[in-house]
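Reviewing the structure listed below.
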Amino acid sequence: MNGSMRAAVVGIGQTAYAKDMARTELDLACDAIRAACDDAGLTVAAIDGVVSYHIEQVAEVDLMTALGIPELRLMARTPSGGGGGASILGLAALAVDQGAAECVVAFRSRNRSKSASYGSDPNQGGRPWAKAGDRLRGALQWEHPFGVASPAHEFALIASRHMHVYGTRAEHFGMQAVAQRFHASRNPDAIMRSPITLDDWRASRPIADPIRLFDCSLENDGAAAVIVTSLARARDLRQPAVPVLSQVQYGAPIHTQPCDFFATTAAFGERDGGAVTAGRRLFTQAGIRPADVDVALIVDPFTVAVPLALEQYGFCELGAGGPFIESGATRWPDGALPVNTHGGSNGEAFIHGVNHLPEAVRQLRGSAVNQVADAEVAFICGAISDPSGAVLLGVDR
Amino acid sequence: MSAGHPRPDPIGADDGRFWSYVASGELRIQRCVDCGAHRHPPRSLCAACGSTAVEWVAASGRGEVWARTVIHPPTLPAFASRTPYGAVVVRLEEGVFLVSNVVDRDPDDVAVGLPITVVITEVEPGFHLPLVRAAEDG
């Protein structure tokens, strides 16, 4: 079950996740990458490729200088923030598979707390309205004059349409929030260690109907990284190789442009594109079906992203994501498809979804805190509301 | 906080033209001269046929609420004193989408599917926005 790609994840690394760590993005990235190298049994000098988000603050050349990487043969970035959560790994695997580089690190580093985040820096954390100023151009001019200004507002609009078309209930999002907080409660690396009940979720303050505080991703600092090399080389390294079975990307309007998003999305069954067609390619290339997946890591800026991703990637019918969650399917250990077993973005941490990558690898190594028994296939997808993508990982048998 | 209403400050001529029409009390959107497809937000060419021949036609102003929310703090400074307030995405008859606010309903009473009519509203002296009201309210 080694899929169609000759690439494997061999190292994972992450920093502590916390608020106000008072460290630069570069420092955090170096820690996560060095940890991933140590995990793999590689020196940083082995790295010859770097993949990150287009909004990443750490420049590739700064990593070279700081870490002592002698040569980079490949540098690439994916569009969007959380949309690229799986695609940075997918791009790294593509580069290795095609021979463009031999050892590629995919990473994301965030310093949500730095003072610049609340000022002039348009790409790194902070409140959207604190950065827009009075000059409403591009997408902002179609939203901000009407008081729509944050991802929470935009995801709330998306959620309302889903509820209207399919009968999804706000409690379905709450049930996923509860499941992820349970997962996080058992994860020593998670920021949120106390589990919540559905009543706790109901009592959490409304942010943008139907989204409540406990549906939201956390605001924190930290970094995470994974290292990809050829499957052949992976077999000589310290950890069991975790083969990349397949990867896909798709272009689609992002939630920050609601007029275009609603005109083209496949989320409500009116069109057939985006994640729906990408998902078919993903599974065809790997030669497996959604039912073969043992654990799913779904980038979740808000919990509503989970049912939408489950539907569009074919784990359930379009519109059935809410009842799927209600059935307990996404909850470890008894669910048929545990989702975000590390606690996800509302439980473990928000690293724009890149903290989901090490968790998928841990599950396939058998070393996860909330280990899915005999996990052999892991699915990872970026935020469903963006230009995005997905990756399937397997075990080397 | 008494921040002023966030105002568009567009760079592109097409965006500026849209807001100029709004300022004069009109909702106009782009229509492709060659294939007749409507588009919004404004763009320099038709995604359906590639034509750059464009006309600005008066929109019917009729449509429906496609998505809705009620926004609580924190939010834009100019909206902080209004929370909770409603926001919607509406789909116009022409097939284009607008973000807007419903002016004549409690936000909790705005449901997806509500028929609406666009009403160009002066929200601050000299500044107009395309807001909407429930169609059955006349």
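Quick note, the sequences are listed as chains P and C, same order.
With positions in the first sequence counted from 1, the corresponding number in the working numbering is that position plus 861.
With positions in the second sequence counted from 1, the corresponding number in the working numbering is that position plus 65.
Glycine included, C-beta positions come from ideal geometry on N, C-alpha and C.
Below-8 Å beta-carbon distance, residue i vs any chain P residue
{"i": "residue 124 of chain C", "result": "no"}
{"i": "residue 131 of chain C", "result": "yes"}
{"i": "residue 117 of chain C", "result": "no"}
{"i": "residue 190 of chain C", "result": "no"}
{"i": "residue 72 of chain C", "result": "yes"}
{"i": "residue 110 of chain C", "result": "no"}
{"i": "residue 197 of chain C", "result": "no"}
{"i": "residue 76 of chain C", "result": "yes"}
{"i": "residue 94 of chain C", "result": "no"}
{"i": "residue 98 of chain C", "result": "no"}
{"i": "residue 86 of chain C", "result": "no"}
{"i": "residue 102 of chain C", "result": "no"}
Residue i in three-state terms, based on DSSP
{"i": "residue 1019 of chain P", "result": "helix"}
{"i": "residue 898 of chain P", "result": "helix"}
{"i": "residue 1145 of chain P", "result": "helix"}
{"i": "residue 187 of chain C", "result": "strand"}
{"i": "residue 1027 of chain P", "result": "helix"}
{"i": "residue 979 of chain P", "result": "Model confidence at residue 979 of chain P stands at a pLDDT of 35, short of 50, so the residue's coordinates are unreliable; what they give is reported in the following sentence. Helix at residue 979 of chain P."}
{"i": "residue 1039 of chain P", "result": "helix"}
{"i": "residue 1076 of chain P", "result": "helix"}
{"i": "residue 100 of chain C", "result": "coil"}
{"i": "residue 939 of chain P", "result": "strand"}
{"i": "residue 969 of chain P", "result": "strand"}
{"i": "residue 182 of chain C", "result": "strand"}
{"i": "residue 196 of chain C", "result": "strand"}
{"i": "residue 1002 of chain P", "result": "helix"}
{"i": "residue 1097 of chain P", "result": "coil"}
{"i": "residue 73 of chain C", "result": "strand"}
Under 8 Å between C-beta atoms of residue i and residue j
{"i": "residue 874 of chain P", "j": "residue 903 of chain P", "result": "no"}
{"i": "residue 1184 of chain P", "j": "residue 73 of chain C", "result": "no"}
{"i": "residue 1259 of chain P", "j": "residue 963 of chain P", "result": "For chain P, the structure presents residues 862 to 1258; residue 1259 of chain P sits outside this window and is missing."}
{"i": "residue 1196 of chain P", "j": "residue 1044 of chain P", "result": "no"}
{"i": "residue 1216 of chain P", "j": "residue 1047 of chain P", "result": "no"}
{"i": "residue 1149 of chain P", "j": "residue 1238 of chain P", "result": "yes"}
{"i": "residue 76 of chain C", "j": "residue 159 of chain C", "result": "no"}
{"i": "residue 177 of chain C", "j": "residue 195 of chain C", "result": "no"}
{"i": "residue 1123 of chain P", "j": "residue 131 of chain C", "result": "yes"}
{"i": "residue 1118 of chain P", "j": "residue 1020 of chain P", "result": "no"}
{"i": "residue 96 of chain C", "j": "residue 120 of chain C", "result": "yes"}
{"i": "residue 897 of chain P", "j": "residue 1072 of chain P", "result": "no"}
Closer than 8 Å to chain C by CB, residue i
{"i": "residue 1018 of chain P", "result": "yes"}
{"i": "residue 1259 of chain P", "result": "No statement about residue 1259 of chain P is possible, as the shown extent of chain P runs from 862 to 1258 and does not include it."}
{"i": "residue 1119 of chain P", "result": "yes"}
{"i": "residue 1032 of chain P", "result": "no"}
{"i": "residue 1043 of chain P", "result": "no"}
{"i": "residue 1215 of chain P", "result": "no"}
{"i": "residue 1130 of chain P", "result": "no"}
Nearest-angstrom beta carbon gap, residue j and residue i [assumed within contact, 8 Å]
{"i": "residue 1213 of chain P", "j": "residue 946 of chain P", "result": "6 Å"}
{"i": "residue 185 of chain C", "j": "residue 90 of chain C", "result": "5 Å"}
{"i": "residue 127 of chain C", "j": "residue 200 of chain C", "result": "7 Å"}
{"i": "residue 151 of chain C", "j": "residue 175 of chain C", "result": "5 Å"}
{"i": "residue 1076 of chain P", "j": "residue 1164 of chain P", "result": "4 Å"}
{"i": "residue 1160 of chain P", "j": "residue 1234 of chain P", "result": "Actually they are not in contact, since the Cβ atoms of residue 1160 of chain P and residue 1234 of chain P sit about 24 Å apart, beyond 8 Å."}
**Asked** What residues from the region 155-187 of chain C come within 9 Å of chain P, judged by C-beta to C-beta, listed N to C?
**Response** Answer set for the region 155-187 of chain C: 156, 160, 161, 162, 163, 164, 165, 166, 172, 173, 176, 177, 178.
**Request:** Closer than 8 Å, Cβ to Cβ, to anything on chain C: give me those residues from the region 1102-1115 of chain P, in chain order.
**Result:** Per Cβ criterion, the list is empty.
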